[in-house]
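Read through the structure below, which is laid out as structure tokens, and then see the notes.
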Amino acid sequence: MLYKKIFVNHWANLMPLFLVAMVYSCEENILPLEGSIEDLTLPEANFDFSESNNDYLTYSFSNLSSSATDFIWDFGDGNTSTENEPEHTFSQEGDFEVSLTASDKLGVESVQTKSISVKEPEGPVIFIPEILEAGFEAGTLEGGAGDGNDAWAIAGANNIGLSTSVVRTGDQAARIYMGAESVAYQELTVTPNADYRITLYYTLASAPAGGHIRLAVLGNTIEDASEAEDAIIASVLGDDQTSTFDYTKLTLLFNPGASDTVAIWLDSNNIAEGRVDDIMIEHVE
Amino acid sequence: MVFIFTAISCSKDFLEPQPTSAVSEEGYFKTDEELESGILNMYDGIQGTNDRSTSSNHSIQYEFYVTEMRTDNTRGKGAVDSDADQAQFVNYNIRATNGIVADYYRSMYNIIYRANVLLDNLGVASDANRARFEGEAKFVRAYAYFNLVRLYGDVPLVDKVIAPLDTEISYTRIESSIIYDFIEEDLLSAVANLGDGYKNRASKAAAEALLAKVYLTIGEYSQAQTLCESIMKPARGFSLESNFKDVFYNEGNDEVIFAVGYEPDLIKDSQGFSSEWLNAVGYTAGVNYVTKEMRDAFDQYGGDRTLYSIRQDVIQPSEYQVAKYIPNGDENLGIAPIASDPRLAGNDWIVLRYADVLLMHVEAILAGAEATTSSNAIASFQEVRNRAGITTTVATITKEDLLNERRVELAFENQRFFDLLRLGEAQNVLSAYATENGYNFTSTTLLLPIPSSEINLSKGLLEQNPGY
């Protein structure tokens, strides 16, 4: 009994003191509680984002913040999220300022803002090169220049000839002389790893037998005709001698690999006289 | 003395070099022969120690924990919410105090140290051998940094032998892009200085293949393609083994470009991971077990590869094990025991092989796009599938197709984690997998923590990765 009374009195005495202390700390709010230490690891907001595989409007966000417990994402399009790592689908293309506010339980905040450019990805653009003097016509180079075979020359070999007889289209065709050992060479810019088809038309005199022309693609450019053989990445022979005057179609598929420059190469085995006309290149889907 | 022992006991290119701890470095490397033993010492670092000591460097013997077990390919058999070091990789609750994380970090820097010792002593090499020594050391150093930068992010860049008190270099994290520049420089030097021939040591092809992977990682696709095509030239002599099993059970075959060699039954030169992947044959109850998701992937895309990739656990038929590096044989599969003690396994660890190069070739042509129809890419892709008995041709290869193909072809070869990262699918794939299985994935788990032991030693100089 006595003990209890003393106890009660004790608290009654202490009560005013306690209240004073409380009021004091509320007003000033700077004196740390006894034994507490300063928070040295403040929240730091940071994030990354990546476009979804199948939908260019959808992004997933990775939260790289440190020392934070609560997150507010603002996607810059009026939508927000409090998830740790949300996924968000934008309604349309555009530039969005996405911000992440990271905070801890002491209410300290950190904000990181990044801009996302939402845009429908373009399909791969395959470059289709223009073949100069493709029909071996005169005056088709820049400024109306050229005889019809000027874009086809290479050092170390005779330039392919021209003819106005036995022509497929226009006024001229390339002429392959018997025994002339003439060649045609032209560099082309291409898209690496794209599949291309080269088409040309040729005809060979019906005699002597055993003649052929060769259409080839060189995987790299060369300085001298002697380097051609080693550079061939695709080739095809045209050996149709059934008619001296009727043209035959010849096609060659090639893929340039990692290279963005190739060259067309044309030669023959110098047995039969021939013509080549209307070379074209296209992309194969 | 040690050297003579080595020559007699080993059939491999390298095994036990002279111990470095007992020899002071100054004045150690005086001749080509001593440098050669320094070279072997680097590979010994990659081999790692086959024991259970927590202070040993287990190097790539523990690599599956920090790579494959963090993917949807494999898991442990323990409780989903276990806090054991091994289980942390499975449920993505990796802690900075994880001993395996520290082991791998320490191991890679130890390998880098061994390479730096050699590079600092190149002056004594003969003119005939200097280029090769330099090439091998730089390959090994780049290999270790490539592992570090992909797993830990920004890491300290130690490019020479440093004193223990040189804490500024040891504890300053350098931006990943600079680490990648350094790796590229080392590998270009290795490509220029090395020839082909070795499979358990660095070679020109190994340096090219590793550099191709580095280029794919940093988005230099054209350069990666050129390197792959260099290795693919028939004159280089690499090709797919016609039987998938022979890739793993006929060591030194034409498909292998770089493998870490192990010798059975020798404590110092054997490996322990093969036994850990079995049911209580190693020291664990069995880790790196095949997930259900992985078995589904094999059902869909595996073809002939499945038989020699996964097998049912005879003791626990509901569970499936890795079948690529079985140390104690399997009569049904026609695999002979490789070691008399499975814990001292001799199965080599393949780091780079030709199928990987072919699929890297596809990835280079894909060049970050969602799909490709290039005939060049399809040819390489089809070559890998044909070997697996999947001969139906495709007209288009999507990124997903490539990831699936790599997943089954290179299953349990510690590639999946890096593949997902490189192709930008890690967060998507692993968060879905984690949700399905009750694991706690967040994107910050994609980088391992810097080991807390290192941070403590640095007295706060080393900064931790976010999320730890």
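The listed protein sequences derive, respectively, from chains A and B. Residue numbers for the first sequence follow the working numbering, so the first one is 1 and each next one is one higher. Residue numbers for the second sequence follow the working numbering, so the first one is 286 and each next one is one higher. Glycine residues also receive a C-beta, built at the ideal position from the N, C-alpha and C atoms. Remember, predicted model here, so these are calculated numbers, not experimental data.
{"Query": "Beta-carbon proximity list for B:N335, same chain, < 6 Å, skipping 5 on both sides", "Result": "S555, Q556, G557"}
{"Query": "Among B:V669, B:G361, B:A711, B:A544, nearest to B:R257 - alpha-carbon criterion", "Result": "There is simply no residue 257 of chain B to check, as chain B begins at 286 and stops at 753 in what is shown."}
{"Query": "B:Q332: contacting residues in chain A (beta-carbon distance under 7 Å)", "Result": "Correct list: empty, because the minimum Cβ distance to chain A is about 35 Å."}
{"Query": "Separation of A:E97 from A:K114, as counted between CA atoms", "Result": "6 Å"}
{"Query": "Chain B residues whose Cβ lies nearer than 7 Å to that of A:P192", "Result": "S507"}
{"Query": "Neighbour-count burial assignment, A:S165, 16 or more Cβ in a 10 Å radius", "Result": "exposed"}
{"Query": "Chain A contact residues for B:S659, given Cβ-Cβ distances below 8 Å", "Result": "N193, A194, D195, N255"}
{"Query": "Opposing strand residues paired with A:T295 [DSSP bridges]", "Result": "A question about residue 295 of chain A goes unanswered here, because the residues of chain A that appear run from 1 up to 285."}
{"Query": "Straight-line gap, B:R486 to B:V607 (C-alpha atoms, nearest Å)", "Result": "26 Å"}
{"Query": "Closer than 8 Å to chain A by CB, B:S728", "Result": "yes"}
{"Query": "Contacts of B:E514 in chain A (Cβ-Cβ under 8 Å)", "Result": "G257, A258"}
{"Query": "Beta-carbon gap between A:S81 and A:H88 smaller than 8 Å", "Result": "yes"}
{"Query": "Cβ pair B:Y456, B:V434 closer than 8 Å", "Result": "no"}
{"Query": "Exposed unless 16 or more other CB atoms sit within 10 angstroms - verdict on B:A477", "Result": "exposed"}
{"Query": "Neighbour flag for A:E120 against chain B, beta carbons, 8 Å", "Result": "no"}
{"Query": "Separation of B:S665 from A:Q241, as counted between CA atoms", "Result": "38 Å"}
{"Query": "Other residues of its chain near B:P751: CB distance less than 6 Å, five sequence neighbours each side excluded", "Result": "T729"}
{"Query": "Near-chain B residues of the segment 86–111 of chain A (beta-carbon distance less than 7 Å), N- to C-terminal order", "Result": "none"}
{"Query": "Residues that B:G587 contacts on chain A, provided the C-beta gap is smaller than 9 Å", "Result": "Residues of chain A passing the Cβ test: none, with the nearest at roughly 23 Å."}
{"Query": "Closer than 7 Å at the beta carbon, the chain A residues around B:A429", "Result": "In chain order: nothing, as chain A lies at least about 25 Å away."}
{"Query": "Simplified DSSP assignment, three categories, for B:Q556", "Result": "strand"}
{"Query": "Any C-beta of chain B under 8 Å from that of A:S287", "Result": "Since the first residue of chain A shown is 1 and the last is 285, residue 287 of chain A is not available in this structure."}
{"Query": "Residue of B:L407, B:I447, B:E655 minimising C-alpha distance to A:E51", "Result": "B:E655"}
{"Query": "Residue interval of the beta strand (DSSP E) (run including A:H88)", "Result": "87–89"}
{"Query": "Contact with chain B by A:P124, beta-carbon distance below 8 Å", "Result": "yes"}
{"Query": "Interface partners of B:T511 on chain A, CB under 8 Å", "Result": "A258"}
{"Query": "Burial state of B:V647, where buried means 16 or more other Cβ atoms lie within 10 Å", "Result": "buried"}
{"Query": "Beta-carbon spacing of A:I157, A:G148 below 8 Å", "Result": "In the sequence on display, residue 157 of chain A carries Ala and not Ile. Not in contact: A:A157 and A:G148 (Cβ atoms no closer than 8 Å)."}
{"Query": "As assigned by DSSP and simplified to three states, the class of B:T352", "Result": "coil"}
{"Query": "Assigned secondary structure, B:F543 (DSSP; H/G/I helix, E/B strand, else coil)", "Result": "strand"}
{"Query": "Minimum Cβ-Cβ distance from A:N46 to chain B less than 8 Å", "Result": "yes"}
{"Query": "Member of B:E536, B:G619, B:L746, B:I345 whose CA lies at the smallest distance from the CA of B:R391", "Result": "B:I345"}
{"Query": "Cβ pair B:L715, B:D357 closer than 8 Å", "Result": "yes"}
{"Query": "Nearest-angstrom Cβ-Cβ length linking A:W152 and A:Y201, presumed shorter than 8 Å", "Result": "A:W152 to A:Y201, Cβ: 16 Å. No contact."}
{"Query": "7 Å Cβ shell around B:Q749 - same chain, five flanking residues per side excluded", "Result": "A381, P734, I735, I740"}
{"Query": "Cα-Cα separation between B:A630 and B:V532, rounded to whole angstroms", "Result": "17 Å"}
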